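What follows is a set of notes on a single structure, which appears directly below.
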Amino acid sequence: MSNIEKQIEKEREQARTACDISGATSPECAAAWDAVEELQAEAAHQREKQPEKSYLEKYCDANPDAVECRIYDD
Numbered sequence: 001m002s003n004i005e006k007q008i009e010k011e012r013e014q015a016r017t018a019c020d021i022s023g024a025t026s027p028e029c030a031a032a033w034d035a036v037e038e039l040q041a042e043a044a045h046q047r048e049k050q051p052e053k054s055y056l057e058k059y060c061d062a063n064p065d066a067v068e069c070r071i072y073d074d
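Residues in the sequence shown are numbered consecutively from 1, following full-length UniProt numbering.
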């Protein structure tokens with residue numbers, strides 16, 4: 001689990017606690033869930049920014065000495 005996913009889970013627990021203590025319609029509860037939503041949005045944004053590696057790139061990461069992965073200087 002990534003760092004941001006751990007933070008989201010931590011914020012969810014805090015939101016649940018805040019809602020249990022203050023009530024589901026309290027401003028504290030709403031603010032706590034807003035924090036969770038902001039972190040989820042940031043996680044989605046980070047996933048967009050990092051393109052998925054191709055199968056060849058993954059293969060070359062695992063097998064840098066393979067013929068297919070050699071890089072030649074001109």
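Glycine included, every Cβ here is placed at the ideal spot set by N, Cα and C.
Please read these numbers as outputs of a predicted model, since none were measured by experiment.
As a quick exercise: from the options, pick the residue whose alpha carbon is nearest that of residue i.
i          : options           : result
residue 10 : 28, 35, 46 and 30 : 35
residue 3  : 23, 28 and 43     : 43
What is the C-beta distance between residue i and residue j, in whole angstroms, given that I count them as a contact (C-beta under 8 Å)?
i          : j          : result
residue 14 : residue 39 : Not quite, the Cβ-Cβ distance comes to about 11 Å (not below 8 Å), so this is no contact.
residue 19 : residue 31 : Not quite, the Cβ-Cβ distance comes to about 11 Å (not below 8 Å), so this is no contact.
Return helix, strand or coil for residue i, following the three-state DSSP convention.
i          : result
residue 64 : coil
residue 22 : helix
When you compare only the Cα positions, how much space is there between residue i and residue j?
i          : j          : result
residue 54 : residue 73 : 22 Å
residue 69 : residue 57 : 8 Å
residue 46 : residue 12 : 19 Å
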